[in-house]
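Chemist: Residue numbers (my numbering): -19 to 220. Using N, Cα and C, we set each Cβ at its ideal position, and we do this for glycine too. Okay, handing you the structure first.
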Amino acid sequence: MLWAILLSALAMTAIVALRYLASSGLFAWATERVRPGLYASLKPQIRREIGWSLLSAAIYGVPAGVVAWGWQQHGWTRIYMDWAEYPLWYLPLSLLLYLFAHDTWFYWTHRLMHRPRWFRLAHAVHHDSRPPTAWAAMSFHPIEAVTGAIVIPLLVFLVPIHVAMLGTVLAIMTVMGVTNHMGWEMFPRALVHSRLGGWLITASHHQRHHEHYLCNYGLYFRFWDRLCGTDRGLSDAFAR
């Protein structure tokens, strides 16, 4: 059993690492095409970001491997594959539940990481990216990586979700993690400055967090930032 769990963890670590390299690499390539020279002076920083991110991939891979083993071998999780097991309207609802729960966890743990002791101990690694690049999405100290690695694995034991919706959650998490850090705004101004955009987090919003630190803590939505008075709007650097 232990060997099976270990092999599952190693497999998931490889998947997470390859997903990171593919997604960050793709958006770094896009950045070079859309914003030539933006990363030209940041090569030492990017090497650090990749190193920390690959370490984080190993940390993310362990709980993911345990979940995969428990689901496939014992059916311990609430992941399901039969479309008829729950009503079709539950598919988008489960997606929103996962995103909101993840966003809530991220907001409050992120605020904790900005307390002086925790910042010095762990979160400073992420903020060493000045400015952040597409490679910084998983550039975390191991302590912070653990806080990010456990939330989705915990949710699959509590909240039912179709495997396709779980894949959608992971895809959104990956894309937003990369695009929020890549140093430019890929979404159109009409969306970013719309009523809907006022509740969503994109690079324009998260860039201000990296500029001023004690604000804009959310991951997907601006709900908690607005409710708790920590929303400081969009970065002036991305005004266009």
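#1: In chain order, what residues of the same chain have a beta carbon less than 7 Å from the beta carbon of residue 140, not counting five sequence neighbours either side?
#2: With contact counted as at least three CB pairs below 8 Å, one residue from each stretch, are the stretch 166 to 181 and the stretch 97 to 116 in contact?
#3: DSSP on residue -5, reduced to helix/strand/coil?
#4: Tell whether a beta-carbon distance below 7 Å holds between residue -2 and residue 163.
#5: Buried or exposed: residue 21, going by 16 or more other Cβ atoms within 10 Å of its Cβ?
#6: Taking the Cβ atom as the reference point for each residue, do residue 45 and residue -8 lie within a distance shorter than 7 Å?
#7: For residue 187, count the other beta carbons within 10 Å of its own beta carbon; 16 or more makes it buried, fewer makes it exposed. Which is it?
#8: Roughly how many whole angstroms lie between the Cα atoms of residue 27 and residue 34?
#9: Any idea what DSSP makes of residue 60, helix, strand or coil?
#10: Sort 166, 179 and 76 by Cα distance to residue 8 and report the nearest one.
#11: Mark residue 103 as exposed unless 16 or more other C-beta atoms lie within 10 angstroms of its C-beta, in which case mark it buried.
#12: Where does residue 275 sit, in a helix, a strand or coil, going by DSSP?
#13: Would you tell me roughly how many angstroms separate the C-alpha atoms of residue 220 and residue 213, rounded to the nearest one?
#14: Buried or exposed: which applies to residue -16, given that a residue is buried once 16 or more other Cβ atoms fall within 10 Å of its Cβ?
#15: Looking at the unbroken alpha helix (DSSP H) that takes in residue 144, where does it start and where does it end?
#16: Please confirm whether residue 201 has its beta-carbon closer than 7 Å to some beta-carbon of chain B.
Modeler: Looking at the atomic coordinates:
#1: Here the set comprises 58, 60, 66 and 74.
#2: no
#3: In the structure shown, residue -5 sits in a helix (DSSP, three-state: H, G or I).
#4: Taking 7 Å as the Cβ cut-off, residue -2 and residue 163 do not qualify as a contacting pair.
#5: exposed
#6: Cβ atoms of residue 45 and residue -8: closer than 7 Å.
#7: buried
#8: 11 Å
#9: strand
#10: 166
#11: buried
#12: For the chain, the structure presents residues -19 to 220; residue 275 sits outside this window and is missing.
#13: Confidence is the limiting factor: at residue 220 the pLDDT is only 49, short of 50, which leaves the residue's position unreliable, though a coordinate-based value still follows. So the alpha carbons of these two residues sit roughly 15 Å apart.
#14: exposed
#15: 143 to 159
#16: The chain labelled as chain B is not found in the depicted structure, where only one protein chain is given.
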